[in-house]
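So the sequence lines, in the order shown, correspond to chains A and B.
Per our numbering, residue 1 is the first one in the first sequence, and the count goes up by one each step.
Per our numbering, residue 555 is the first one in the second sequence, and the count goes up by one each step.
For glycine and all other residues, C-beta sits at the position ideal for the given N, C-alpha and C.
This structure is a prediction, so every number in the text was calculated from the model and none was measured.
To start, the structure under review is shown below, and the notes come after it.
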Amino acid sequence: MIRTIPKEAYGAIKDIVGADNISDDPAILDSYAFEVMSELVRPDHCHFMPRPWAIVLPGSTEEVAAVTRLCNKYGIKVKPISTGWYHWAAPLKDDEPTVQFDLRRMDKIIEIDEKNMYAVVEPYVICAQLQAEVMKRGLNVNIIGAGCSTSIVASACAYFGAGPSSFYMGNNSENLLGQEWVTPAGDVIRTGSLSSNCGWFCSEGPGPSPRGITRGTLGSRGGLGTYTRCAIKLSPWEGPPVMEPTGKAPGYRLPIPEKFRVYTIGAPSWDAYADCFYKIYDNGIGYIFHRQFNLAGADLAAALWLTYIDPTKTLNDVETAVADPEIKRITEESRISFQLILQGSSIENIQLQDKILNAIMRQCGCYKVERFCEPDMAEFTNMYLQRLGHKHCNYMWVGGYMGSWMQPGTPDFVKGYVPIAIDSFAKDQESGKLVQCGGDALMGCGSTIGGGGLCGLEQFVSYDPNDDSSVDACIQHMEDAVTTTARHGIPPGKEYIYLQVGWPEEKVWDALARMPQKFVLNFQRKIKEAFDPNALGDRNYPWLPEGWGEKTTG
Amino acid sequence: MALQDFRADAMRCTRCAYCKWIPFDLIKSARFSRGCPSMEAGKYHSYSAGGRLITALSLMDGRSTVTERVKDSIFKCNLCGQCDVSCKICRYDMEPLEAMRELRATIVSEGHTLPQLDQVIEGLRTQFNMLGQPAKNRGNWAAALQIKNLTKESADYVFHPGCRYSFDGELAHVTRDCVDILQRAGIDFGIFGQNEKCCGGRAYDMGYRANFNSMAKANLSAWKRAGVTTVITPCAECYHTFSRKYTAKAGSEIKVVHMVQFIAQLVREGKLKFTRPQKMTVTYHDPCHLGRQGEPYVAWEGEEKKIFGQAVCYDPPRPRYNGAFGVYEEPREILRAIPGIELREMERIREASWCCGAGGGSREAYPEFSRATADERLEEARSTGAAAIVTACSWCERNFLDSIESSEAKLKVFDIVELVAQAL
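Shown next as structure tokens:
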């Protein structure tokens, strides 16, 4: 069924953004309705989320504000996206008039302040672009785990924004400075020092600091207005001003500068793994710190990545590689492992960090996984983790990936749920309807916050979106994970928020009402009422209707 | 193949949008980070490879129909293949470029065509070329030359200049330079002159499969009659068509050589000596059809199979074409061998090369889009400080020449064969 916004509204929006920048052509709309993981939550495994009723491409904050005010007048919901990935980027309801903002015309790097180490960007500036520019100035930017194709504004203004470099550079929520926000009512709010015309340098003031408002408990994901600019903190970069990769696609390699080290570190047990993490935190070494390659599954990771870096090979060769005795040996050696990149401020400093790391490894019984530390793999690791341009490898096996678990906590907390997560996932793979990569397909940051202390591991569940039985198996895994975590007193993982996208609102509110700190959601209702009086934002900005928490028993 | 054969690709697309950018590892600046001319022009997600996969799914499932906007999103694309390279950085199971070709052919077969392209194809049908020129003039570039006529004689090699090099008066000197080099090399070659027919590659990309088929059939028959074992061409599009489309779609086993490969071999063997320095700073533009779409090709037939439960691979193993093994080194070897030439590389090179804008019917149907794409490339060329842009494809050259004519740019355009001839 084709639904359109009122002609009058369409015409008024067209007058603001121009005829070329608004469309209600069904095929165009479908290109925004189609989203990854839709098939996990939609009826009949449909790959399309609800269609927006029109797509609008605003070119400025003024246009965003003007169209938003117009939508208030006509009661049309607004759903902004920048790069627009994941099913929550699409509208959540079929029968609600919704305009989707595609912010790709707002793609400028406004300013790079080298001295004060921040950059100001519009929503469609992706991490790779900013990184390339700031590296020329001896600086770097934290790239979130979803990879360098993502919007900096999106990660800084809305969600947690953690990535492999967060240990050194901070979570993007920590890195957010001044921001410009168009509220659901169409007001333009500038936060922190920006609101006092003092520039972008501080997110907290002088001036209003709605960071807690805009981010909420899980981030807005397009549910509370549109972020049109932000300033992001940058960090030091001791590498070359321009990355010069070598080699052939897909496994480009990045030579390792003399003040850097790139290692894959193995641990004999999860206890040793956690100990190692604590010691890395306490000793303040490490620039990029991540358990990356295990996304392929510990049973297959060595075979996959050693195949991947050979440009003449295909996935067919992984089947052969897995049976190779040497690959089997490396598989066991790297079964519990993570990647660590060190950056030194000088040759002496990197040598010191090496000594510290060696001492940590000795104390924990950890070791370097030799094959992964050889130049070809080390340079590939360097390329992968510095630019984070291979995150689509999450989908490499068969196009479907859903990340479950990933409960953040201290390393001791995380190691506690790891065996449960592994056993549970291994069981779910028995039917053969998920990629059988072994129960341990856990990947995650060394620390999701600057300086260490908080980490998490998510299971990489690979399923075939083109096969309903495989989709069903993934959904079953998600439901099993919800049940298993509840049984063990572990908070729900990412699978829970993914499933919620497909729930009716009432079911979502019932679930939220059972949260230990539901007062947060009541507070968020107040925020929503103040800033979104006509309820143009969707429930990706979580809140509880008045009294809902009291009606539902826990 | 049919559009349904790409349904799995569409279902497995993750809307990651990698198809809009050059491979991220290769990004050196924000300015030259983008990879998809179509997205820059069209802006909506439908103008990307991923977006077209979704369009295909939407049409197949009856969720939408072919409107003028949909046609625009499908046809306003050079089919340059940058999206294909970027997608395949992480995916072994997706064929976005082939899927887009299939989508185009499908809507053309249903009658959703563009009048500008219909006109071009009519010219192809009646005059056997893509420029709407009288067939009888095709061999005029060779009028003063003594070359075997393969309509009557036989030879090991056929020199196939292609439509643009044959009819474009400004490029005819390149065609003659090629002949000079071939004669210096002493190989046994001939031409078909006015009886030469278009390779059909552009017709294929425009969606007119039947017209491609008839050109392929005619060319293969003519070559067989003349005893030809190898076709040499200076045109990147012809090179791609003969080496890949003819192999895949017409069962051809003929060897295909581009002039840069031939010249590079002569240089390596010391059979071509450069005696006249060419003092110039140049940058080299990798043509899409010689670079990322110019990899050695092996026809494949097989089926999808699954390993490890659900991981997709193929039986027999399907060759992988991701731009890694295109013809990149030979032109650079040649330029480095010419005394006086200083080569400065652009940021987007090799498999990440930004398209010239001439391919896929864009030049004929969307001249503004085609020009804007060329302008972007020329700006990148100028950013290197080079005095000239060198390429190895007639369509790239023509688009650059046209773009420069209408701008204030001071940048020369050279065919690599032209530079070679000047240096001999």
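One or two residues paired with residue i in a DSSP bridge
i              : result
C230 (chain A) : A:V121 and A:Q179
V810 (chain B) : B:V785
G444 (chain A) : A:R291
W405 (chain A) : A:E458
E111 (chain A) : A:V120
L139 (chain A) : A:P236
E857 (chain B) : B:D869
A942 (chain B) : B:V836 and B:K966
V712 (chain B) : B:G744 and B:V785
R190 (chain A) : A:E180
R588 (chain B) : B:W575
V67 (chain A)  : According to DSSP, V67 (chain A) bridges with nothing at all.
Reference residue i; option with closest CA among the options
i              : options                           : result
S209 (chain A) : A:S195, A:S220, A:G199 and A:R221 : A:S195
G444 (chain A) : A:G409, A:F523, A:F372 and A:A89  : A:G409
V810 (chain B) : B:L826, B:A804, B:I786 and B:Q819 : B:I786
V188 (chain A) : A:E63, A:H477, A:D440 and A:I55   : A:E63
W181 (chain A) : A:Y252, A:T226, A:C148 and A:C364 : A:T226
K136 (chain A) : A:P241, A:I55 and A:K77           : A:P241
A770 (chain B) : B:V971, B:K803, B:S937 and B:L633 : B:K803
I745 (chain B) : B:P715, B:I943, B:A726 and B:F816 : B:P715
F48 (chain A)  : A:D94, A:A66 and A:D15            : A:D94
A146 (chain A) : A:H290, A:S31 and A:E111          : A:H290
E652 (chain B) : B:Q819, B:L557 and B:E707         : B:L557
I555 (chain A) : A:G18, A:D20, A:I55 and A:L40     : An answer regarding residue 555 (chain A) cannot be provided, because it is not within the stretch 1 to 554 covered by chain A.
D759 (chain B) : B:L633, B:R561 and B:T568         : B:L633
K751 (chain B) : B:N765, B:C573, B:A739 and B:R738 : B:N765
V435 (chain A) : A:S193, A:M402, A:G451 and A:G446 : A:M402
R952 (chain B) : B:L725, B:M654, B:E849 and B:P870 : B:L725
E959 (chain B) : B:L932, B:G605 and B:A776         : B:L932
G877 (chain B) : B:G596, B:E649, B:M813 and B:A818 : B:E649
K259 (chain A) : A:N349, A:A421 and A:E326         : A:N349
The alpha helix (DSSP H) enclosing residue i, as first and last residue numbers
i              : result
R830 (chain B) : Segment: none, R830 (chain B) is in no alpha helix (DSSP H) and carries neither H nor E.
E901 (chain B) : E901 (chain B) -> no alpha helix (DSSP H), and no H or E assigned at all.
T801 (chain B) : Y800 to A804
Q681 (chain B) : P669 to Q681
Q351 (chain A) : I347 to C364
Contacting residues, own chain, Cβ-Cβ under 8 Å from residue i (five flanking each side not counted)
i              : result
T553 (chain A) : The pLDDT assigned to T553 (chain A) is 47, lower than 50, so where the model puts this residue is not dependable; a value taken from the coordinates is nonetheless given after this. Excluding positions up to five away in sequence, the list is empty.
T784 (chain B) : D710, Y711, V712, I808, K809, V810 and V811
G880 (chain B) : D840, L844, G845, R846, Q847, G848, E849, R904 and E905
Segment limits, beta strand (DSSP E) that includes residue i
i              : result
G484 (chain A) : The residue you asked about is not Gly; residue 484 (chain A) is Thr in the sequence shown. Looking at the DSSP string, T484 (chain A) is not in any beta strand (DSSP E); the run it does join, the alpha helix (DSSP H), is D468 to R487.
P80 (chain A)  : K77 to I81
S337 (chain A) : S337 to Q343
Q517 (chain A) : Where Q517 (chain A) is concerned, there is no enclosing beta strand (DSSP E), given that its DSSP letter is neither H nor E.
A54 (chain A)  : A54 to V56
Q100 (chain A) : T98 to D102
Nearest-angstrom beta carbon gap, residue j and residue i [assumed within contact, 8 Å]
i              : j              : result
I741 (chain B) : S640 (chain B) : Actually they do not touch by this definition, with Cβ atoms about 39 Å apart.
T331 (chain A) : A302 (chain A) : 4 Å
G686 (chain B) : V674 (chain B) : 7 Å
Y263 (chain A) : L340 (chain A) : 5 Å
R872 (chain B) : W854 (chain B) : 5 Å
R221 (chain A) : W88 (chain A)  : 5 Å
A780 (chain B) : L704 (chain B) : 4 Å
G416 (chain A) : A426 (chain A) : Not quite, the Cβ-Cβ distance comes to about 18 Å (not below 8 Å), so this is no contact.
Cβ neighbours of residue i in the same chain (closer than 6 Å, five flanking residues each side left out)
i              : result
P26 (chain A)  : I2
N534 (chain A) : N72
F277 (chain A) : P411
F293 (chain A) : A301 and W305
Listed by chain order, chain E residues near residue i by CB distance under 8 Å
i              : result
K642 (chain B) : Absent from the structure is chain E; the protein chains it does hold are A and B.
The ligand ATP heavy atom lying under 7 Å from the CB of residue i
i              : result
I347 (chain A) : This structure lacks the ligand ATP, and indeed carries no ligand of any kind.
Residues near residue i by beta carbon distance below 7 Å, same chain, minus five either side
i              : result
F816 (chain B) : I786
F338 (chain A) : I265, H290, R291 and G446
Y793 (chain B) : T787, V810, H812, H843, L844 and G848
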